[in-house]
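What follows is a single structure, written as structure tokens, with notes after it.
Number of protein chains: 2
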Amino acid sequence: MMTQPILLTDSEIELLHKELGTDTLMGKTITANQKDVEAFMQLPLDVPGHGEAGGYEHNRHKQNYTYMNLAGRLFLITKDDKYAAFVRELLALYAEKYLTFDFHVQKNTNPTGRLFHQILNEHCWLMFTSLAYSCVASTMSEEERQAVVERIFEPMLDMFTVKYAHDFDRIHNHGIWAVAAVGICGLALGKREYLEMSVYGLDRNDTGGFLAQISQLFAPSGYYMEGPYYHRYAIRPTCVFAEVIHRHMPEVDIYNYKNGVIGNTVQALLSTAYPNGEFPAMNDASRTMGITDMGVQVAVSVYSKHYASENGVDQNILGMAKIQDAVWMHPCGLELSNAYKAASAEQEIGMPFWPSVELNEGPEGHSGAQGFIRMQDKKGDVSQLVMNYGQHGMGHGNFDTLGITFFNRGQEVLREYGFCRWVNVEPKFGGRYLDENKSYARQTIAHNAVTIDEQCQNNFDVDRADSVHGLPHFFKVEDTAINGMSAFANDHYQGFNMQRSVFMLNLEELESPLLLDLYRLDSTKGGEGEHQYDYSHQYEGQIVRTNFEYVANKELNTLGNDFGYQHLWNVASGEVNGTALVSWLQNNTYYTWLGASSNDNAEIIFTRSGANDPSFNLRSEPAFILRSKGESTLFASVLETHGYFNEEFEQSVSARGEVQNIEVIGHSAMGSVIEITTKKSRVTVMISNQIDATDTTEHNIELNDKTYSWTGFYSLEVNLINPMSAELEK
Amino acid sequence: MMTQPILLTDSEIELLHKELGTDTLMGKTITANQKDVEAFMQLPLDVPGHGEAGGYEHNRHKQNYTYMNLAGRLFLITKDDKYAAFVRELLALYAEKYLTFDFHVQKNTNPTGRLFHQILNEHCWLMFTSLAYSCVASTMSEEERQAVVERIFEPMLDMFTVKYAHDFDRIHNHGIWAVAAVGICGLALGKREYLEMSVYGLDRNDTGGFLAQISQLFAPSGYYMEGPYYHRYAIRPTCVFAEVIHRHMPEVDIYNYKNGVIGNTVQALLSTAYPNGEFPAMNDASRTMGITDMGVQVAVSVYSKHYASENGVDQNILGMAKIQDAVWMHPCGLELSNAYKAASAEQEIGMPFWPSVELNEGPEGHSGAQGFIRMQDKKGDVSQLVMNYGQHGMGHGNFDTLGITFFNRGQEVLREYGFCRWVNVEPKFGGRYLDENKSYARQTIAHNAVTIDEQCQNNFDVDRADSVHGLPHFFKVEDTAINGMSAFANDHYQGFNMQRSVFMLNLEELESPLLLDLYRLDSTKGGEGEHQYDYSHQYEGQIVRTNFEYVANKELNTLGNDFGYQHLWNVASGEVNGTALVSWLQNNTYYTWLGASSNDNAEIIFTRSGANDPSFNLRSEPAFILRSKGESTLFASVLETHGYFNEEFEQSVSARGEVQNIEVIGHSAMGSVIEITTKKSRVTVMISNQIDATDTTEHNIELNDKTYSWTGFYSLEVNLINPMSAELEK
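Chains as they are written, first to last, in UniProt numbering: chain X, 1 to 730; chain D, 1 to 730.
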């Protein structure tokens, strides 16, 4: 049998050939890939031996498979044999050397390969190299093919399915790489049995293999519990292998499998992204990963080809392609490129404005959710609010249930620290996770949440955290004036129920949606007595003003001794009477935060990360904490986005915000009532604290001899302040 | 008389009209200006009363004149009366209100205006508004013109030349705005006497006026002693008024005046810019000002029109226009736009690669200099090294003689803090200079220099600093292997001579030019005894590794009590034996610094700014200091630029550098000898420490029983290490 290209037919190749030199997304992609591959082809071929994780050898093998994968297709598309020659020669070198390398010494629980320190990477190598081989095999002599098959591919297949058989059927994101690699290599070798076992599991009994994986790894919403960073890593073999199955096992009807789980999970992944295309760094992740990642490019192309509606490719998908400025070099990508070209001819493609979405978690979707609310301001800028009220994200999850992040004007404002790891930076512990990831980045205090008594949620116990999850209360995004979500976390601190309700409010007098945040701590189920509640905010930029006096410490000590507090310098602090105001400048935008608690004591503490960091592993970043001591407590705060600063052009407008105050009127098991005052209006928000409330539940709450009543989860009242009466009140 | 456009003839207007809607630089400029002006025209007209510096009122008046200035010309170019109507109506409002405003209350030594807190801003207003008026006067009724002339322009002219006559003839950068405003307004009113007094001074005796200013403000090199930040501010009225004089007083032959001082000083300004177009923040300046500033756009256009060589506009000027992506909306800008279009048709315009240049200071060029050395790496990236060995930059100058900054790969690596000021941010002290500007940003320790005994240069005494300057030793930039400059500062610390010699070396095995820095402190003229020398480095990014043990402090104290040390936290420190290595990651690039001193003791101290900063006025930025105690001392260090890191794509290459060591072989009054070892070669550099050396001076220096000899200022020897013998040495 003569191996044929696995992912391309002759007629598809001809269509791609016609894109050469054009300025379509596909044309640009081909040109960019040619440039990259040719630059790499200038270097002498190298198949190095063992090296450190993140070191030269690791990176070189990764580059080798990356460029072989591109070169294989470029050979077909351009018909230029130089690309095929590159693949042939490099494969020959691997065939010569591969079996001379022993297995790496095992350093942790991951099985090791001959090229890489963990077989995950060897799976990647095999998947991409098999695809490349399938493109150029027709140009190779029988002898050349035999060397590659016998001295690389067959030993690898044997390793993955026999030596490491126990690992092959594991339901895990790494497992997708394993089955995709084995299935595709089997096809390339004409050994269909490997494709069968990859799709259906070694024992063909649904306990392993690709179909079991995609059935079990994702929640009904499509969300992947390890978060978007790991999701985008798994999405690449998922989509590539789905396309292979689509072409070579049409009987599976893979794109309709389980109500279209492939499309569903791609959509879920895309719907987490910030408006600029970056993924929120949820659950122990990089802060810089975004939709331009190659895996997401493949996913967007596959989605465009197989899940476009009858009206064609969705505007938001086109918007994402605009950010990516590239497509998958494949007929799926050509579909997207063509749609983009057609749509561009009619009007300029805008940035994506993905709808708000609540993504449930757990196999049945009953283990809480991740909430994503988006709202546009008058100029079209998108504010995005993210709250985690789902599951703990497996072994390396953060302890941040009810944590939020907030993004607008192109930047994350209430920020996620992200993981403490310098990926592939060999002198930084081989690019692996650093100790400070556990001691700081995953702790509750490192997030935008409330830390009780200087402890971490679930006491930093992963097993305990895995056994609990958030409880969704409401997710309401239909209104134009107010969007919001609320959830409980009643199992994360012993003796406490916690409820967080976050909203975006469109007020006529404000430039951007106002973030409103109510965080309630209920200690009546065993947490009686006074507690310390630290409501923390990770920001970036320069403090511009406050409405209270504070003292900058003359010498710096840590804020505490454990649970992340040992890494925070106590930079400055001040007592607050009533509502605290903290205003800062982040790049070109001013932010003003006003916060209060229901207790009559409060303190603002300004911190900076970097204490007890003997190897400079942490970034030095500021935060401020509203600390309040009491029994059951409600924190209420708003964050206003306003003005513009440009240092280069020496412009500054609206450096002070419009919001004047926020006040806790009261709270009880029934509900919470707060009042916001701006220069123009008085805004009352009443929300339900009853976990079993519905849209028709009646609420009545008596506070200060006044009865507040509303139906359903919450109520918003906006009253314009009469300038006359406002004057009289003074 | 009917007022005609001052800066445009009818035929020029026709040429500009033809650019409408094109994608030339001029076409794009016009479109962008239309968009900006039209957005502003949407707002209701407003001529507000007194306000705070940096506040709404201040900004509004500034916006008003900015957009009137553009609208006047847009009316002529587009022939659309809406732009003229905007100017007419806004001028009418000013005419109605101007005299009803009293003069601002004077808060410092600056005279105040009716619109602004200092007349500098009122000068700007008058210059731009007079130009706008000249464009639209023909569309106004006699009554409208009369109101503007009698109720704004004449009172302003009177204020500037009578009430504040004592200030009008001052030779100062602010004075250029004064004379330009008065001269141009006089022309607009047909009162040529104001033009005469603006050009020749009130008394027409060369002690004041534009010609005296441009003769005296700039050094023969064209350098302006307050640095590029203030220079770019002065360059706008300089160029605008020069063009006015060119057109209305051709007898002055302004562009050839004093051997072309206008062109000379424009070129000097441009030649200071970093490769990305930003200006080094020399002398108490903003870090974000660059050639895209409107003043520099005007200057580049004027230069292109009047100083192009017979071969047309210089490639570097075109490169700057590429960064600016705009031109002055004037025939001068059209000249540049046309040249750009013609050159683009032949080949892609590259980024500018300005030649290395030494810009002398002082009226005769004898007060030291500012040195700028640029070198390209193999991929075309430009490294730029800047050293200050000139004058103290007037009242707000930094105390940083012999300070350096270093830039490559698109970022400043050895960094200048810049001023401590949030320009126009009203809640930050009205946008004015903050206390920490004096107590930190201008102190020697805030710069990349050596601080002796925790004191500031010249004891932070401005008068003393104004009386001394650096002494240039050599500036050599002809060689391809090594470029360098050296200077003395013998009057800045009592009892000490200081010499700094900085080089960029092109070594075959390195990706980028290697920065070599020799800083010698000679205490033999009265500074006998042991002293503490702090050789400091302001960097940005994350420490990756060191070659010595250090202790991160468990509590933080300030590094000292005065001269800026009170603002530095002592974060960590460690003793060093031999050569210290500090490696860090700044964005996508690794930097490795190796440093040693001739003393047998050394310590590295890691600091962070922000101590004793009660209002968060300082930015939190890291630095490290090599501290060495001894008598006369030589510091020798190299900074290697290497590798690539991309978090998003999880790529890391060459995280460790090639340079292995640097060693001080010895130093004396005759010379210094150091040796650098890389993985491939041993590099010996010998340099002259004799202030009266020439290119032919013979140097002999005996160190460790070996004689080092060379002719001229320095000598470079590169010896490949024999791999055999290197092996044997182990």
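For glycine and all other residues, C-beta sits at the position ideal for the given N, C-alpha and C.
- [ ] Kindly list, in the order they appear in chain D, the residues whose Cβ is closer than 9 Å to that of Pro-614/X.
- [x] Those within 9 Å of Pro-614/X in chain D are Tyr-550, Val-551, Ala-552 and Ala-572.
(message) What does the alpha-carbon distance come out to for the pair Ser-652/D and Tyr-644/D?
(response) Rounded to whole angstroms, Ser-652/D to Tyr-644/D spans 6 Å at the Cα level.
Practice prompt. Pull out every residue of the region 34–56 of chain D whose Cβ sits closer than 8 Å to any Cβ of chain X, in chain order.
Written response: Under the 8 Å Cβ criterion, the region 34–56 of chain D contributes Gly-54 and Tyr-56.
Between the alpha carbons of Glu-650/X and Ala-92/D, how many angstroms are there, rounded?
Distance between the alpha carbons of Glu-650/X and Ala-92/D is about 28 Å.
Do Glu-658/X and Glu-509/X have their C-beta atoms within less than 7 Å of each other?
Result yes, Cβ atoms of Glu-658/X and Glu-509/X sit closer than 7 Å.
Original post:
Per DSSP, what kind of secondary structure is Thr-678/X in: helix, strand or coil?
Top reply: Collapsing the DSSP output to three states places Thr-678/X in a strand.
Task: Buried or exposed by the 16-neighbour rule on C-beta atoms within 10 Å, applied to Glu-511/X - done: With 16 or more Cβ atoms within 10 Å of its Cβ, Glu-511/X is classed as buried.
Notebook entry, point to check: How many angstroms separate the CA atom of Leu-131/X from the CA atom of Tyr-194/X?
Noted result: In this structure, the alpha-carbon of Leu-131/X lies about 15 Å from that of Tyr-194/X.
*asked:* Below 7 Å on C-beta distance, what does Ile-543/D contact in chain X?
replied: Those are Phe-616, listed as they occur along chain X.
Who pairs with Asp-534/X in a beta bridge, going by DSSP? Paired residue(s): Thr-451/X and Arg-627/X.
Here's the rule I'm using: 16 or more other beta-carbon atoms within 10 Å means buried, otherwise exposed. How should Ser-309/X be labelled? So Ser-309/X ends up on the exposed side.
Counting contacts by CB-CB distance shorter than 7 Å, is Pro-427/D in contact with chain B?
-> No chain B appears in this structure, whose protein chains are X and D.
Contacts of Val-653/D in chain X (Cβ-Cβ under 7 Å): Simply Asn-59.
Less than 7 Å between the beta carbons of Met-504/X and Leu-594/X, yes or no? No.
Task: Residue from Met-26/X, His-567/X, Asp-400/X and Tyr-708/X with nearest C-alpha to Asp-613/X - done: Of the candidates Met-26/X, His-567/X, Asp-400/X and Tyr-708/X, His-567/X places its Cα closest to the Cα of Asp-613/X.
>> Measuring CB atoms only, is the region 547–558 of chain D touching the region 419–432 of chain D, in the sense that at least three cross pairs come out at less than 8 Å?
In response: Contact fails: fewer than three Cβ-Cβ distances are below 8 Å.
| Name the chain D residues whose beta carbon is nearer than 7 Å to that of Val-423/X? | Against chain D, the beta carbon of Val-423/X has neighbours under 7 Å at Glu-647 and Glu-650, listed in chain order.
* Using only alpha-carbon positions, find the residue among Tyr-200/D, Phe-624/D and His-473/D that is nearest to His-537/D. => Minimum Cα distance to His-537/D is reached at Phe-624/D.
Checklist entry - Does the beta-carbon of Gln-213/X have 16 or more other beta-carbons within 10 angstroms, so that it is buried, or is it exposed? => result Its Cβ being crowded by 16 or more others within 10 Å, Gln-213/X is buried.
Under 9 Å Cβ-Cβ, which residues of chain X neighbour Asn-557/D? Those are Lys-554, Glu-555 and Leu-556, listed as they occur along chain X.
Self-check item: DSSP beta-bridge partners of Pro-622/X
Solution: BP columns for Pro-622/X point to Arg-608/X.
Distance check for Asn-490/X and Ser-523/X, CA to CA, integer angstroms please. If I take the Cα positions, the gap works out to 10 Å.
Spatial neighbours of Tyr-133/D within its chain, please: C-beta separation below 6 Å, excluding the five flanking residues on both sides. Beyond the five residues adjoining it in sequence on each side, Tyr-133/D comes within less than 6 Å, by CB distance, of Ala-188 in the same chain, given in chain order.
* Asked: So who's on the other strand from Arg-409/X, going by DSSP bridges?
  -> Answer by DSSP bridge pairing: none, since Arg-409/X is not bridged.
Contact defined as beta carbons within less than 8 Å: I believe Asp-169/X pairs with Thr-207/X. What is the distance between those atoms, to the nearest angstrom?
With a Cβ gap of about 6 Å, Asp-169/X and Thr-207/X count as contacting.
Problem - Beta-carbon proximity list for Tyr-224/D, same chain, < 8 Å, skipping 5 on both sides - result: Contacts found: Asn-173, Leu-217, Phe-218, Tyr-230, His-231, Ala-234, Thr-265, Ala-268 and Leu-269.
Residue(s) in a DSSP beta bridge with Lys-476/D:
DSSP output for Lys-476/D lists Gly-484/D as bridge partner(s).
Quick one: does Met-289/X have its CB under 7 Å from some CB of chain D? True, the Cβ-Cβ gap to chain D drops below 7 Å.
Legend entry - Under 7 Å between C-beta atoms of Ala-95/D and Ile-6/D: Their beta carbons are not under 7 Å apart, which means Ala-95/D does not touch Ile-6/D by this criterion.
Check your understanding: Nearest chain X C-beta to Ser-512/D closer than 7 Å, yes or no?
Key -> Not flagged as an interface residue toward chain X: Ser-512/D, since no C-beta distance is shorter than 7 Å.
Original post:
When the Cα of Trp-710/D is compared with those of His-396/D, Leu-720/D and Gln-690/D, which residue comes out closest?
Top reply: Trp-710/D has its Cα closest to that of Gln-690/D, out of His-396/D, Leu-720/D and Gln-690/D.
Which residues of chain D have a Cβ atom closer than 8 Å to the Cβ of Arg-619/X, listed in chain order? Listed along the chain, the chain D residues whose CB falls inside 8 Å of the CB of Arg-619/X are Gln-542.
Original post:
In whole angstroms, what separates the C-alpha of Gly-630/X from that of Lys-378/X?
Top reply: CA-to-CA, the gap between Gly-630/X and Lys-378/X works out to about 41 Å.
- request: Provide the residue(s) that pair with Arg-374/X in DSSP beta bridges, ordered along the chain.
  value: Under DSSP, Arg-374/X takes part in a beta bridge, and its partners are Gln-384/X.
| field | Beta-carbon spacing of residue 746/X, Met-375/X below 7 Å | value | No statement about residue 746/X is possible, as the shown extent of chain X runs from 1 to 730 and does not include it.
Check your understanding: For Gly-431/X, which residues in chain D fall below 8 Å Cβ to Cβ?
Key -> Result: Ser-652.
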